[in-house]
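A quick write-up on the structure given underneath.
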Amino acid sequence: MSFRYLYDEKTPNSTIDFVKRMLDYFPFRIHSIQTDNGTEFTYRKHLFDTVHPLDIFCKKNYIKRVYSPVASPWYNGIVESTHKLDQKEFYDFCTQELTLEKANLKLRKYNNFFNHKRIHSALNYDTPMLYFKKLRNS
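Counting from 34, one number per residue, gives the positions in the sequence shown under this note's numbering.
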């Protein structure tokens, strides 16, 4: 399953807001989060002398942090593949006149379509939600 939400800036605060929305969206507990090393996610590769807000949030919520190696977009092929699908099936159809609020309303519908209606060959032609339910019941 996947979740999308747009922001007008890449900041630690928008990242935490996204994670909160994601946690509310999924019908299961998130045990770990994998990110790249951008400052919106971590300060570990940067010269900041403070703990990143996302690290504090994750520690408080018992979520493990995992980091992609620097300059390695191929490291997580599933994420890259999903980004490519999102571009082809959603973002290519967005116009510049679309406000952030309207784009997020459309994304909410796309999240629903992607997870509840769109079949995926990698999931034996099930939807992600159906695949999740089958795993949970097995």
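We put the CB at the ideal spot given by N, CA and C, even for glycine. As the structure is a prediction and not an experimental result, all values here were calculated from the model.
Under 7 Å Cβ to Cβ from residue i, same chain only, skipping five residues before and after it: list those, please.
{"i": "Asn137", "result": "Tyr38 and Leu39"}
{"i": "Thr48", "result": "Glu73, Phe74 and Leu87"}
{"i": "Lys97", "result": "His64 and Ser65"}
{"i": "His85", "result": "Pro45, Thr75 and Tyr76"}
{"i": "Arg151", "result": "Thr160"}
{"i": "Tyr164", "result": "Leu156"}
{"i": "Asp41", "result": "Leu133"}
Using only alpha-carbon positions, find the residue among the options that is nearest to residue i.
{"i": "Asn148", "options": "Pro60, Asp41 and Ile49", "result": "Pro60"}
{"i": "Ile89", "options": "Val52, Val112, Pro106 and Leu118", "result": "Val52"}
In chain order, what residues of the same chain lie with their CB nearer than 6 Å to the CB of residue i, ignoring the 5 residues before and after it?
{"i": "Pro175", "result": "Outside the displayed range of the chain (34 to 171) lies residue 175, so it cannot be described from this structure."}
{"i": "Met55", "result": "Phe36"}
Assuming contact is defined by CB atoms lying nearer than 8 Å, are residue i and residue j in contact in what I supplied?
{"i": "Asp125", "j": "Ser101", "result": "no"}
{"i": "Phe36", "j": "Asn144", "result": "yes"}
{"i": "Gln67", "j": "Val99", "result": "yes"}
{"i": "Lys93", "j": "Gly71", "result": "no"}
Residue i: buried (16+ other C-beta within 10 angstroms of its C-beta) or exposed?
{"i": "His79", "result": "exposed"}
{"i": "Leu133", "result": "exposed"}
{"i": "Leu168", "result": "exposed"}
Cutting at 8 Å between CB atoms, please list the residues of its own chain near residue i, excluding the five before and the five after it.
{"i": "Thr83", "result": "Tyr76"}
{"i": "Pro240", "result": "Residue 240 lies beyond the stretch modelled for the chain, which goes from 34 to 171, so this question has no answer here."}
Along the chain, which unbroken stretches of the beta strand (DSSP E) at least 3 residues long are found entirely within the segment 79 to 160?
97 to 100
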